[in-house]
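Listed in order, the protein sequences are those of chains D and P. My numbering applies: residue 50 is where the first sequence begins, and numbers increase by one. My numbering applies: residue 528 is where the second sequence begins, and numbers increase by one.
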Amino acid sequence: DVKVTQSSRYLVKRTGEKVFLECVQDMDHENMFWYRQDPGLGLRLIYFSYDVKMKEKGDIPEGYSVSREKKERFSLILESASTNQTSMYLCASSLVSPSLNQPQHFGDGTRLSIL
Amino acid sequence: KQEVTQIPAALSVPEGENLVLNCSFTDSAIYNLQWFRQDPGKGLTSLLLIQSSQREQTSGRLNASLDKSSGRSTLYIAASQPGDSATYLCAVKGGSEKLVFGKGTKLTVNP
């Protein structure tokens, strides 16, 4: 089974702090994703990486950056945390497929609160 | 721009009932559609993936259908159980690896 592990289930940080959310997958997947999930807004893609050191902006990249130095690890960085970044953050991974028919597999999420 | 809608937002049924969850999408040019389950405070668990060339997929008591031309998918749950209570999300994949999600249907199965 695919295992996507997010380093923290719950995290509390202060406004202005630099925050790192870590995600590791154990199935040698090329693609990795960061989403945030908010009531009434659903899941929104923040960033996507299709290979080491490669990244692509999603729908809401403002205030975030990412790092992918190794294939198995994808980090989401909040450069200067703000209260409107309080949310549930979900990481996912998938295999590359020419037919785009591989499923995405998700971690358990990180509930981040910015005070 | 692709939009995915799930109606109703919430559904409550008695145990043992067969039920159908609906998902619609505006752009029929999709590669696949994926159904997920999400328990409160948890991540998403993949249930079924239907490729654009398929009409349905089955896993145990779950059956998902896809009508690409009309932009609709349904998730059928047979003989529902209290353990099926969760939020069910559908997502479509278009011309890239990105998924577009619906906002989900919150299902409650009452004992």
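Every residue, glycine too, gets a C-beta built ideally from N, C-alpha and C. In this text the structure is predicted, and so the values were computed from the model without any measurement.
Leaving out five residues before and five after residue i in sequence, what residues of the same chain have Cβ atoms less than 6 Å from its Cβ?
i: D:Glu66; result: Ala130
i: P:Ile534; result: Asn549
i: P:Lys633; result: Ala537, Thr614
Could you give the DSSP three-state label for residue i: helix, strand or coil?
i: D:Gln134; result: helix
i: P:Gly610; result: helix
i: D:Leu90; result: coil
i: P:Asn637; result: strand
i: D:Arg63; result: coil
i: D:His154; result: strand
i: P:Asp594; result: strand
i: D:Met81; result: strand
i: P:Thr553; result: coil
i: P:Arg588; result: coil
Evaluate residue i with the Cβ neighbour count: other Cβ atoms within 10 Å of its Cβ, from every protein chain shown; 16 or more gives buried, anything less gives exposed.
i: D:Lys119; result: exposed
i: P:Thr532; result: exposed
i: P:Ala618; result: buried
i: D:Asn80; result: buried
i: D:Lys52; result: exposed
i: P:Ala613; result: buried
i: D:Leu90; result: exposed
Look at the Cβ atom of residue i, then the Cβ atom of residue j, and state whether they are nearer than 8 Å.
i: D:Thr96; j: D:Gly112; result: Checking the displayed sequence, the identity of residue 96 of chain D turns out to be Tyr instead of Thr. Taking 8 Å as the Cβ cut-off, D:Tyr96 and D:Gly112 do not qualify as a contacting pair.
i: P:Ser592; j: P:Tyr558; result: no
i: D:Leu161; j: D:Arg63; result: no
i: D:Thr54; j: D:Val73; result: yes
Margin query: Along the region 593 to 613 of chain P, where does the CB come closer than 7 Å to a CB of chain D? Name the residues.
Written below: none
Checklist line | Contact set between the region 615 to 626 of chain P and chain D, restricted to residues whose Cβ is under 7 Å from the partner | finding: Lys620, Glu624, Lys625, Leu626
Notebook entry, point to check: Quick one, which residues of the region 142 to 157 of chain D are near chain P if we go by CB-CB under 8 Å, in chain order?
Noted result: Ser143, Val145, Ser148, Leu149, Asn150, Pro152, Gln153, His154, Phe155, Gly156, Asp157
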